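K.L.:
Take this structure, written in C-alpha cells, and hold onto it; I'll ask about it next.
2 protein chains.
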Amino acid sequence: MNKNEINVDRFTQLCKAHGLKVTPQRVAVYKALKKATDHPCADKIHKQLLMDFPNISLDTVNRTLLTFARIRIIDIVEGQGDPRRFDPNLDEHHHFYCLSCNSIIDFHDPELKHIQLPDEITRSFTITGKRLCLTGYCARCRNHAPDKVTAVG
Amino acid sequence: MNKNEINVDRFTQLCKAHGLKVTPQRVAVYKALKKATDHPCADKIHKQLLMDFPNISLDTVNRTLLTFARIRIIDIVEGQGDPRRFDPNLDEHHHFYCLSCNSIIDFHDPELKHIQLPDEITRSFTITGKRLCLTGYCARCRNHAPDKVTAVG
DNA sequence: TTGACAATTGATTATTAATCCTATTTAATT
DNA sequence: AATTAAATAGGATTAATAATCAATTGTCAA
C-alpha cells in the first residue's frame, strides 16, 4: 500500500481500540488530513469536506481533529498563535515556519535523529514529542515582505 | 547590572533606533515581560499592569507586544493553538511544553548548541530562530491528568 | 521652551477562532 | 429490528485578535 493512501481498516481498528465509533465524518476527516501536506487548520479541512458533506459542521471537524490528537493518531503543530494546525505525520521530523506566509515546511535530517536530551529533562518530564522548530522566511517570502506583524503600536 | 533588571536607557535606545516613541505604557510592558519567566500571554501582562495603570487597555498591551516582537526585542513563543504567548529571553534556549497545564519551561544544553542544520535548509530559507521543542507532561502533571484535550469526538 | 506634527493610546466596533449546548441522528450491539 | 450510548448539526456563546478613530502625547526643530 502506498504510504499516502488511507487504510480504512487500520483506521477502524484504531477507533475501536479507543472506543470510538467509526462515522463517515471521522473517516472523511482522517482521509483529508492524511492527504494534506500543508498542516491545515480545522477550518481548511472543513471547507474541503463541504464539497462531499454539505452538512458537516466545523465543530465536528474540530472535535474530531482534537479527538484524533488525543488518541495520538495525528499531531497538533506548534504555531505562533494563529489558528491551531494539525499534522498527519507522526514520524520524527522537523518544521520550518515562515513568519511571512505562515507555511510550515517539513524537513528531515539523519544527524538530528541523534539529538540527545539532557538527563535532567528526561528524568523530570514525560516527553511525548521532540522537534526542532525553525522560524524565518521561506524562499518565496524572503525577498518580499520583511515581516508579517503589521501592528505599529 | 543584574540580568533581570531593566535598563531603561537601553530600551530607549532600541525604541529610537526603530523610530518608536518611548511611552510609559511601552516601558511598563517591557519591564513586565522582562521580569516574567512563565512566557505570559497578553492578557496576563495586561492584568498585571492594571495595578499600576488603571486605564491601560488590553489592545495597547497586545499591540505593544507585537511591536516588540516585530523589532525583535522579544519573541513570540510557539504554542499549540492557545492564546499567543511571549518570551523575553532572546538567548538560545529550548522549550518544554506541558500538554496538561500548558506551562512552558526553558532548558539549556551545551550539546544542543551545536545542532547543525542541513545545508539545504540554510540555503533555501532565512532562519531567524532555532529551537528544540519538546511536548509532554511536567513533573506535577504526569501523575494526574493523562491529557488535556477533553473533546470526545 | 514652545509649538507643530506624527505616532500612540484607549474606547469602540468588527472579525475570527474555539467552544458549548441541545435536539436529533446514527453506529454498534443484541 | 430494537436499544442505547455516542456523535452530529446548527445555533449560540465566549474569547482572542484586529481595525477604526478621535483624543492625547512624545519628539524634534525652531
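Respectively, the protein sequence lines represent chains E and S. In this text, residue positions in the first sequence follow this note's numbering: the first is 898, and each later residue adds one. In this text, residue positions in the second sequence follow this note's numbering: the first is 898, and each later residue adds one. No residue lacks a Cβ here, since even glycine has one placed at the ideal position from N, Cα and C. Since we're looking at a predicted model, the values are computed, not measured.
#1: Please work out which residues of its chain come closer than 8 angstroms, Cβ to Cβ, to S/Asp949, disregarding the five sequence neighbours upstream and downstream, and give them in chain order.
#2: Determine the burial state of S/Ala914: buried for a count of at least 16 other Cβ atoms within 10 Å of its Cβ, exposed for fewer.
#3: Within the 8 angstroms Cβ cut-off, does E/Cys998 reach chain S?
#4: Find the residues of chain S that neighbour E/Gln1013, judging by a C-beta separation of less than 7 angstroms, and give them in chain order.
#5: Going by DSSP, name the residue or residues bridged to S/Lys1027.
#6: Below 8 angstroms on the Cβ atoms is my contact criterion, and I expect S/Val974 with S/Arg967 to pass it. Report the Cβ-Cβ distance as a whole number of Å.
#7: Threshold first: 3 residues or longer. Then list the beta strand (DSSP E) segments lying entirely within the stretch 991-1030 of chain E, N to C.
#8: Got a sec: does the ligand SAH put a non-hydrogen atom nearer than 7 angstroms to the Cβ of E/Ala939?
#9: Straight-line CA distance for E/Ile971 to S/Thr1032?
#10: Rank S/Ala1036, S/Phe1022, S/Gly916 and S/Gln1013 by C-alpha distance to the C-alpha of E/Ile1024 and give the top, closest one.
#11: Below 8 angstroms on the Cβ atoms is my guess for E/Thr964 versus E/Leu917; work out the distance and round it to an integer in Å.
#12: Closer than 8 angstroms, CB to CB, is E/Glu975 near chain S or not?
#13: Evaluate E/Asn1040 with the Cβ neighbour count: other Cβ atoms within 10 Å of its Cβ, from every protein chain shown; 16 or more gives buried, anything less gives exposed.
#14: Considering only the beta carbon of each residue, do S/Cys938 and S/Tyr994 sit closer than 8 angstroms?
#15: Does DSSP put S/Cys938 in a helix, in a strand, or in coil?
#16: Alpha carbon to alpha carbon, what distance is there between S/Lys1027 and E/Glu1008?
#17: Within the 8 angstroms Cβ cut-off, does E/Thr1032 reach chain S?
#18: Tell me the start and end of each unbroken alpha helix (DSSP H) in the stretch 941-970 of chain S that is at least 4 residues and wholly inside, in chain order.
#19: From the beta carbon of E/Ser954, is the nearest beta carbon of chain S less than 8 angstroms away?
#20: For E/Thr1047, is the classification buried or exposed, using 16 other Cβ atoms within 10 angstroms of its Cβ as the cut-off for buried?
#21: By alpha-carbon positions, which one of E/Cys998, E/Ile1012 and E/Asn999 ends up nearest to E/Asp990?
P.N.:
This is what the structure holds:
#1: Position 52 of the second sequence, counting from 1, holds the residue named residue 949 of chain S. Taken in chain order, the residues that qualify are Ala925.
#2: Locating residue 914 of chain S in the second sequence gives position 17, where the first residue counts as 1. With fewer than 16 other Cβ atoms from the protein chains shown falling within 10 Å of its own Cβ, S/Ala914 counts as exposed.
#3: Here residue 998 of chain E is taken as the residue at index 101 of the first sequence, counted from 1. By this cut-off, E/Cys998 is not an interface position.
#4: Sequence index remark: in the first sequence, residue 1013 of chain E carries index 116 (1-based). From the beta-carbon of E/Gln1013, the residues of chain S found nearer than 7 angstroms are Glu1008.
#5: As a position in the second sequence, residue 1027 of chain S is number 130, starting the count at 1. According to DSSP, S/Lys1027 bridges with E/Leu1031.
#6: To locate residue 974 of chain S, count along the second sequence from 1; it is residue 77. To locate residue 967 of chain S, count along the second sequence from 1; it is residue 70. The Cβ separation is near 15 angstroms, so there is no contact.
#7: 991-995 and 1001-1004
#8: Judged by which ligands are present, the structure shown has none, so any question about the ligand SAH falls away.
#9: Taking the first residue of the first sequence as 1, we reach residue 971 of chain E at position 74. Taking the first residue of the second sequence as 1, we reach residue 1032 of chain S at position 135. Approximately 14 angstroms between the Cα atoms of the pair.
#10: As a working note, residue 1024 of chain E is residue 127 in the first sequence. Nearest option by C-alpha distance: S/Ala1036.
#11: Position 67 of the first sequence, counted from the first residue, corresponds to residue 964 of chain E. Position 20 of the first sequence, counted from the first residue, corresponds to residue 917 of chain E. 7 angstroms between Cβ atoms; contact.
#12: Here residue 975 of chain E refers to the residue found at position 78 of the first sequence. It does; some Cβ of chain S falls within 8 angstroms.
#13: Within the first sequence, numbered from 1, the residue matching residue 1040 of chain E stands at position 143. It counts as exposed.
#14: Counted from its first residue, the second sequence places residue 938 of chain S at position 41. Counted from its first residue, the second sequence places residue 994 of chain S at position 97. Cβ distance not < 8 angstroms, so S/Cys938 and S/Tyr994 don't count as in contact.
#15: Here residue 938 of chain S refers to the residue found at position 41 of the second sequence. Strand at S/Cys938.
#16: Counting from 1 along the first sequence, the entry for residue 1008 of chain E is found at position 111. Counting from 1 along the second sequence, the entry for residue 1027 of chain S is found at position 130. Those two C-alpha atoms are separated by around 16 angstroms.
#17: By 1-based counting over the first sequence, the position of residue 1032 of chain E is 135. Interface residue, yes.
#18: 955-967
#19: Counting from 1 along the first sequence, the entry for residue 954 of chain E is found at position 57. No, no contact with chain S.
#20: The residue you call residue 1047 of chain E lines up with position 150 of the first sequence. The pLDDT assigned to E/Thr1047 is 34, lower than 50, so where the model puts this residue is not dependable, and the model offers no usable value.
#21: Counting from one through the first sequence, the residue named residue 990 of chain E turns up at place 93. It should be pointed out that residue 990 of chain E corresponds to His in this sequence rather than to Asp. Comparing Cα positions, the closest option is E/Ile1012.
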